[in-house]
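Chemist: What follows is a structure written as structure tokens; I'll ask about it next.
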Amino acid sequence: MAMRRLAPARRTAEQVGTEQSLSPEDQKLLSEVLQAREEWLSAHSYFNNATDPALVDHSILLLQAAERKYMFLLNEAKARGLAVDRF
Numbered sequence: 105m106a107m108r109r110l111a112p113a114r115r116t117a118e119q120v121g122t123e124q125s126l127s128p129e130d131q132k133l134l135s136e137v138l139q140a141r142e143e144w145l146s147a148h149s150y151f152n153n154a155t156d157p158a159l160v161d162h163s164i165l166l167l168q169a170a171e172r173k174y175m176f177l178l179n180e181a182k183a184r185g186l187a188v189d190r191f
């Protein structure tokens, strides 16, 4: 019989918000995820408002970088068993 690897239980937004047992590393990661999300949203806004062709190119690069950073941090949080609904 094949053995299945059980995924660690994920903590929901409510648990993360009230749970005192988060390690300092997990707290820092959640803070970084929130900051990266804000950077990503800001990059979207910058892209949507860019009119000059040079600024459009620049905004695309910023948006791609912000998205990659955000996705990387989300995957790190997921790997640690952190799942927050607002992300």
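One rule links them: number in the numbering used here = place in the sequence shown (from 1) + 104.
Backbone N, C-alpha and C define an ideal beta-carbon position, used for all residues, glycine too.
None of these values were measured; they are calculated from a predicted model.
Sorted by chain position, which residues of the same chain lie with C-beta nearer than 6 Å to ALA147's C-beta, five sequence neighbours on each side aside?
Modeler: Counting from one through the sequence shown, the residue named residue 147 turns up at place 43. The residues are LEU166, LEU167, ALA170.
Chemist: For GLN139, which of MET175, ASP161, PRO157, LEU159 has the nearest alpha-carbon?
Modeler: Counting from 1 along the sequence shown, the entry for residue 139 is found at position 35. Comparing Cα positions, the closest option is MET175.
Chemist: Please identify the residue among SER125, LEU133, PRO128 whose C-alpha is closest to the C-alpha of ALA183.
Modeler: Sequence index remark: in the sequence shown, residue 183 carries index 79 (1-based). Ranking SER125, LEU133, PRO128 by Cα distance to ALA183 puts LEU133 first.
Chemist: Given this structure, state the Cα-to-Cα distance separating LEU178 from VAL137, to the nearest angstrom.
Modeler: As a first step, residue 178 must be located in the sequence shown, where it is residue number 74. As a first step, residue 137 must be located in the sequence shown, where it is residue number 33. Between LEU178 and VAL137, the C-alpha separation is close to 6 Å.
Chemist: Only counting the same chain, and skipping five residues up and downstream in sequence, which positions put a Cβ closer than 6 Å to that of SER163?
Modeler: The residue you call residue 163 lines up with position 59 of the sequence shown. Answer for SER163: TYR150, PHE151, ALA154, listed in chain order.
Chemist: Determine the closest residue to ARG172 out of LEU159, GLY185, VAL160, ARG141, with distance taken between C-alpha atoms.
Modeler: The sequence position of residue 172 within the sequence shown is 68, counting from 1. Among LEU159, GLY185, VAL160, ARG141, the Cα nearest to that of ARG172 is on ARG141.
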